[in-house]
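Asks: Take this structure, written in structure tokens, and hold onto it; I'll ask about it next.
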Amino acid sequence: MPITLTPGHINRLRRDLARKGMEVNGKLTRLLANMNARLLDLKTPDEQKPGLRPEEKLRRYLDKIIAAQRRLGTEGWGKCVTCQAEIPQAQLDDSPWKAECDRCLADEGALF
-15 MPITLTPGHI NRLRRDLARK GMEVNGKLTR LLANMNARLL DLKTPDEQKP
35 GLRPEEKLRR YLDKIIAAQR RLGTEGWGKC VTCQAEIPQA QLDDSPWKAE
85 CDRCLADEGA LF
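Read in my numbering, the sequence shown has 42 at position 58, and its numbers run on one by one without any break.
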């Protein structure tokens, strides 16, 4: 069943994405400026990928947030970018930057 978003829901998701984007961007800026950027309290979507430097993780996370902002309100919102399966609404509410379904994420993780 396709995800139906009300204008209020879209506005809330936009605010959530903007807030998270500012948080990640601030941490990336401090990290690149060799300032104290606490990454321990920020779980990034790429945690499971070995070998990524902290700034790479933050850049990838920020890219995911920006891509989600572009998809929000389009037909692509709520669909896996790999297989086009619907991503459960509860997962999108929790992580509005989520772009892949759990099955595709598991398959991708198996490659590393």
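Note that the Cβ used here is the ideal one computed from N, Cα and C, for glycine as well.
Please state whether the Cβ-Cβ distance between Ile49 and Gly5 is less than 7 Å.
Replies: yes
Asks: Would you mind working out which of Leu(-11), Ile71 and Asp78 sits nearest Leu89, comparing C-alpha positions?
Replies: Ile71
Asks: Over the uninterrupted alpha helix (DSSP H) stretch that includes Val8, give me the two end residues.
Replies: Pro(-9) to Leu16
Asks: Going by C-alpha distance, which of Ser79, Asp86 and Arg(-1) is nearest Tyr45?
Replies: Ser79
Asks: Could you give the DSSP three-state label for Glu70: helix, strand or coil?
Replies: Residue state, collapsed to three classes: strand.
Asks: Comparing C-alpha positions only, which one of His(-7), Arg14, Leu1 and Thr66 sits nearest to Arg87?
Replies: Thr66
Asks: So, using beta-carbon positions, are Leu56 and Leu(-3) closer together than 7 Å?
Replies: yes
Asks: Do Lys82 and Gln75 have their C-beta atoms within less than 7 Å of each other?
Replies: yes
Asks: What does the alpha-carbon distance come out to for the pair Gly(-8) and Ala52?
Replies: 17 Å
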